[in-house]
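Peer 1: Sharing a structure here in structure tokens format.
Number of protein chains: 2
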Amino acid sequence: MAEENQELRRAGLKVTLPRVKILQILESAGVEQQHLSAEEVYDALRDAGENVGLATVYRVLTQFAAAGLVTRHNFEAGRDGSGTSHSVFELARGEHHDHMVCMESGEVVEFHDAVIEERQRQIAEEQGYELVDHSLVLYVRKKS
Amino acid sequence: MAEENQELRRAGLKVTLPRVKILQILESAGVEQQHLSAEEVYDALRDAGENVGLATVYRVLTQFAAAGLVTRHNFEAGRDGSGTSHSVFELARGEHHDHMVCMESGEVVEFHDAVIEERQRQIAEEQGYELVDHSLVLYVRKKS
DNA sequence: CTTTATGCAAATGCTTTGCAGTGCC
DNA sequence: GGCACTGCAAAGCATTTGCATAAAG
């Protein structure tokens, strides 16, 4: 219960109601809903009876991301080159992983592959670069 | 010279000055500048003395993307979770490739790796999905 | 001629900011 | 009490759309 407060303090952030609530929402998100948009967090707050402004949700999530508490992703909505893409946030639970998004259901599956990770490092190196970060998203469709 | 007109007709688009000009700009982009934002294309047009509206640039690029003539990417600006990301367009020259973006210089290097491509397919399959598309961007830093 | 494209300006959607008021430590 | 945090409304960007005009086939 006081767990969240610790995390916040560690991040150098004052323990306030919006921050604690948002952290709880992210922590309690079911496996199927680990990737929330700012709007979804906002709605969850209202459903929980808390009156937090959308601006605050964005501010808090951005701070959390800067503190490494959460990760921000930018999944593109549809293929078809519709530049529409909103951010989704997910609690950073230690190890890194990539994502697979179903183009039909919107479902998100996480995965981690050592082979790919290593190849990426090698490829960057071959070009004289050091790999700092990467973003890999597979757009998939359920098999029939 | 009439090459562009053929490509446009093939795509089912009327041959108009804005479309031809934009196609030329993309084709003549140097190796270091193959990835242009709508704004950059717009500026290039003005520099070439053509008065094309930015809205038209967007419309044309979107049509080109839909026709498969160009590919639209969404490189994120800075890491640090600043959701800032604008689209860049690149001429689709046949084979698929991924990108490596230098976080300092903004330079973009293209690459293709059969191992990664294959692993992606396998990973999707293992989860009962069919791989439709993917987006892979490596964020790198020049080695010292 | 008829259809499709263009330009401009206004509208959008998501995200950030300015500022006065509020609540942590 | 002071300074960080919040809420609200307004500002910002990149991109899209409505509509009257202009050009293509």
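Protein chains in written order, with this note's numbering: chain X, 99 to 242; chain L, 99 to 242. All C-beta atoms, glycine included, are put in the ideal place defined by N, C-alpha and C.
1. Taking contact to mean 3 or more Cβ pairs, one atom from each stretch, closer than 8 Å, check whether the stretch 159 to 176 of chain X and the stretch 104 to 115 of chain X are in contact.
2. Mind checking the stretch 215 to 234 of chain L against chain X and listing, in chain order, the residues whose C-beta falls within less than 7 Å of any C-beta there?
3. Mind pulling the chain X residues with CB within less than 9 Å of valine 213(L)?
4. Can you name the residues of chain X whose CB is closer than 9 Å to the CB of leucine 189(L)?
5. What did DSSP end up calling aspartate 231(X) once you bin it into helix, strand or coil?
6. Identify which residue in Asn149(L), Asn103(L), Thr154(L) and Asp231(L) has its Cα closest to the Cα of histidine 194(L).
7. May I ask you to list the residues that DSSP assigns as paired with isoleucine 197(X)?
8. Quickly, what does DSSP pair serine 183(L) with across the bridge? List them, please.
9. CA-CA distance, leucine 115(L) and serine 185(L)?
10. Measure the CB-CB distance between arginine 217(X) and valine 213(L) and report whether it falls below 7 Å.
11. Within the 7 Å Cβ cut-off, does leucine 236(X) reach chain L?
12. Do leucine 189(L) and leucine 134(L) have their C-beta atoms closer together than 7 Å?
13. Run the CB neighbour count on threonine 182(L), radius 10 Å, all protein chains shown included, and call it buried at 16 or more, exposed below.
14. Which of the three DSSP states, helix, strand or coil, is assigned to valine 168(L)?
15. Under the rule that 16 or more other beta-carbon atoms within 10 Å means buried, what is aspartate 145(X), buried or exposed?
16. May I ask which residues mark the beginning and end of the alpha helix (DSSP H) holding arginine 191(X)?
17. Which residue wins for smallest C-alpha separation from serine 242(X), given the options Arg239(L), Ser233(L), Tyr237(L) and Glu223(L)?
18. For the stretch 151 to 167 of chain X, which residues have a CB atom closer than 8 Å to at least one CB atom of chain L, in sequence order?
19. Which runs of the alpha helix (DSSP H) spanning at least 4 residues fall entirely within the stretch 106 to 152 of chain L, listed in chain order?
20. Rounded to whole angstroms, how far is the Cβ of arginine 239(X) from the Cβ of glutamate 202(X), which I believe are closer than 8 Å?
21. With burial defined as no fewer than 16 other Cβ atoms inside 10 Å of the residue's Cβ, what is the status of alanine 153(L): buried or exposed?
22. Less than 7 Å between C-beta atoms, sequence neighbours within five positions excluded: which residues of the same chain meet that for alanine 142(L)?
23. Looking only at C-alpha atoms, which of Glu174(X), Val139(X) and Leu229(X) sits nearest to arginine 157(X)?
24. Should glutamate 130(X) be labelled buried (16 or more other beta-carbon atoms within 10 Å of its own) or exposed?
Peer 2: Looking at the coordinates:
1. Judged by Cβ distances under 8 Å, the stretch 159 to 176 of chain X makes contact with the stretch 104 to 115 of chain X, as three or more pairs qualify.
2. Identification of residues in the stretch 215 to 234 of chain L having a C-beta nearer than 7 Å to some C-beta of chain X yields Arg217, Gln218, Ile221, Ala222, Gln225, Gly226, Tyr227, Glu228, Leu229, Val230, Asp231, His232, Ser233 and Leu234, given in sequence order.
3. Going along chain X in sequence order, the residues near valine 213(L) (Cβ under 9 Å) are Val213, Ile214 and Arg217.
4. Near leucine 189(L) there are no residues of chain X at all, since even the closest Cβ is about 14 Å away, more than 9 Å.
5. The answer is strand: DSSP assigns aspartate 231(X) an E or B state.
6. Answer by Cα proximity: Asp231(L).
7. This sequence places histidine at residue 197(X); isoleucine is not what is there. BP columns for histidine 197(X) point to Glu208(X) and Val235(X).
8. Answer by DSSP bridge pairing, in chain order: Glu174(L).
9. Those two C-alpha atoms are separated by around 23 Å.
10. Pairing arginine 217(X) with valine 213(L) gives a Cβ-Cβ distance under 7 Å.
11. It does: the Cβ of leucine 236(X) has a partner Cβ on chain L nearer than 7 Å.
12. In terms of Cβ geometry, leucine 189(L) and leucine 134(L) do not form a close pair [threshold 7 Å].
13. Under this definition threonine 182(L) is an exposed residue.
14. The answer is strand: DSSP assigns valine 168(L) an E or B state.
15. The residue in question, aspartate 145(X), is exposed, as its Cβ has fewer than 16 Cβ neighbours within 10 Å.
16. Following the DSSP letters along the chain, one finds arginine 191(X) in no alpha helix (DSSP H), marked with neither H nor E.
17. Nearest in C-alpha terms to serine 242(X), of all of Arg239(L), Ser233(L), Tyr237(L) and Glu223(L), is Glu223(L).
18. Across the stretch 151 to 167 of chain X, CB contacts with chain L closer than 8 Å involve Thr160, Ala163 and Ala164, in sequence order along the chain.
19. Qualifying alpha helix (DSSP H) stretches, in chain order: 115 to 125 and 136 to 145.
20. Contact flag correct, Cβ pair sits at about 6 Å.
21. Exposed, by the Cβ-count rule.
22. Closer than 7 Å at the Cβ level, and outside the excluded window around alanine 142(L), lie Ile123.
23. The shortest C-alpha separation from arginine 157(X) is found at Val139(X).
24. Result: exposed.
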